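Structure, rendered in structure tokens:
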């Protein structure tokens with residue numbers, strides 16, 4: 167089973183969750199080691215600018231997911 | 167009730183407010199601890215570059231919301 | 167009266183001005199204190215990279231405004 | 167005469183030049199003082215990362231100009 | 167054989183993998199020396215902000231690949 | 167002869183190469199001095215984050231080139 171079978175979601179909130187997943191997978195595919203990522207987590211989770219940057223990546227992926235779903239109109 | 171039931175808003179200003187909400191939720195979903203976020207707030211709220219970056223995330227999300235609403239034409 | 171009644175502008179230059187306004191409102195909605203923002207202004211206004219970043223936010227918002235106006239074709 | 171009468175250009179290269187102009191105007195509208203900008207110029211002109219960031223803003227504005235011109239197809 | 171014969175992929179997951187490939191090729195075309203890139207890898211792979219930035223580039227390329235594939239609808 | 171006569175390319179790979187060219191021209195138009203750029207090259211070519219940022223600019227320009235070519239479908 168693919169971790170990303172489709173960009174279509176039942177509703178807007180699930181679409182936002184998918185954008186978060188895509189953002190995390192962009193990291194995971196670059197740094198596949200779970201332990202390293204776990205060690206890095208408290209760093210960006212406690213840094214205001216890091217969190218803003220994470221939110222920017224989510225926003226970029228949400229553009230894709232929203233367009234794929236015709237904005238759930 | 168979903169925190170994000172729709173991308174459709176009554177007018178442009180509400181669309182901009184929704185873009186702000188999406189930007190904040192991108193942070194909140196990454197750092198769910200209210201206390202930590204409250205501690206970080208005065209840091210980015212008093213840093214010119216941090217505020218510019220926050221505005222960039224809002225602009226990215228506003229692109230999505232505006233497209234969803236056909237630009238309120 | 168809304169500060170953002172419409173994305174439609176009479177011409178391209180007014181559209182660029184609206185993009186600037188949206189960029190500033192993204193900051194103002196995050197840091198509503200006029201005094202704090204006034205204190206931060208000389209910092210980013212005298213920093214080359216800060217100004218480039220501000221211009222990036224304007225460019226992102228201008229994409230939205232230009233699309234809304236069908237590029238004033 | 168407006169500094170930005172139209173987004174339509176005669177060809178692709180002029181469109182790229184317009185994207186550069188938009189990027190600079192984003193800076194100029196934020197820092198209107200010619201002397202200050204002249205003082206900042208050697209800073210970002212001699213910094214690799216600053217130049218990359220400037221190129222990113224130009225790329226963002228070029229997306230807008232190219233779409234406005236239907237990609238000069 | 168081209169390293170990039172098409173943007174069309176069989177499914178969404180392969181599209182995301184192509185976005186990763188495009189992001190890496192953007193680096194490789196700028197720094198073609200395999201040894202240098204190998205030396206830089208542990209740096210960004212162990213830095214939270216670097217990984218977020220890599221994920222941002224992937225998200226940008228994924229927008230292109232997803233649009234090319236009509237979002238695999 | 168223009169350095170940028172068209173955004174149309176024969177295939178996807180040439181489109182990616184054009185995106186690289188656009189990214190470099192964004193730098194060159196800002197810093198036209200060949201010697202200065204040559205001096206800056208080893209800096210960003212040996213910095214992981216700089217290379218990621220360059221790849222981001224390429225990705226942004228590739229969005230434009232890909233759209234211009236209807237994604238070479």
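Protein chains in written order, with the working numbering: chain V, 167 to 239; chain E, 167 to 239; chain D, 167 to 239; chain L, 167 to 239; chain B, 167 to 239; chain G, 167 to 239. Even for Gly, the Cβ is constructed at its ideal location relative to N, Cα and C. Since the model is a prediction, treat every value here as computed from it, not as a measurement.
Below-8 angstroms beta-carbon distance, residue 193/E vs any chain V residue: Closer than 8 angstroms to some Cβ of chain V, the Cβ of residue 193/E qualifies, so yes.
Rounded separation between residue 180/V and residue 230/V - CA only: Residue 180/V and residue 230/V: Cα-Cα distance of roughly 13 angstroms.
Start-end ranges of the alpha helix (DSSP H) lying completely within the region 175-206 of chain D, minimum 4 residues: Look at the region 175-206 of chain D and you find these whole runs of alpha helix (DSSP H), each 4 residues long or longer: 178-194.
Touching by the beta-carbon criterion (3+ pairs, under 8 angstroms), the region 203-218 of chain V and the region 196-210 of chain B: Counting Cβ pairs under 8 angstroms, fewer than three are found: no touch.
Opening and closing residue of the alpha helix (DSSP H) in which residue 217/V lies: Unbroken alpha helix (DSSP H) run through residue 217/V: 214-234.
Neighbour list for residue 188/V in chain F, Cβ cutoff strictly below 8 angstroms: Structure shown: chain F not included; protein chains present are V, E, D, L, B and G.
Three-state secondary structure (DSSP) of residue 208/E: Here residue 208/E carries a helix assignment [DSSP, helix/strand/coil].
Whole-angstrom distance between residue 195/E and residue 226/E, CA atom to CA atom: CA-CA distance, residue 226/E to residue 195/E, rounds to 18 angstroms.
Residue 237/B and residue 234/V closer than 8 angstroms at C-beta: Note that the C-beta distance between residue 237/B and residue 234/V is below 8 angstroms.
Cα-Cα separation, residue 110/B to residue 199/L: Absent from the structure is residue 110/B, since the part of chain B shown begins at 167 and ends at 239.
Cβ neighbour criterion (16 or more within 10 Å) applied to residue 168/B: Residue environment analysis places residue 168/B among the exposed positions, since fewer than 16 neighbouring C-beta atoms fall within 10 angstroms of its C-beta.
Proximal chain D residues relative to residue 238/E, where beta-carbon distance stays under 9 angstroms: Here the neighbours are 172, 173, 174, 234.
Partners in chain E for residue 219/D, counting only beta-carbon separations shorter than 8 angstroms: Within 8 angstroms Cβ-Cβ: 215, 218, 219, 222.
Within 8 angstroms, strictly: CB atoms of residue 189/L and residue 215/D: Not closer than 8 angstroms, so no.
Within-8 angstroms CB hit, residue 178/V to chain B: Taking Cβ atoms only, chain B never reaches closer than 8 angstroms to residue 178/V, which makes this a no.
Exposure of residue 209/E, with buried meaning 16 or more beta-carbon neighbours within 10 Å: Exposed.
Cβ pair residue 218/G, residue 212/B closer than 8 angstroms: Not closer than 8 angstroms, so no.
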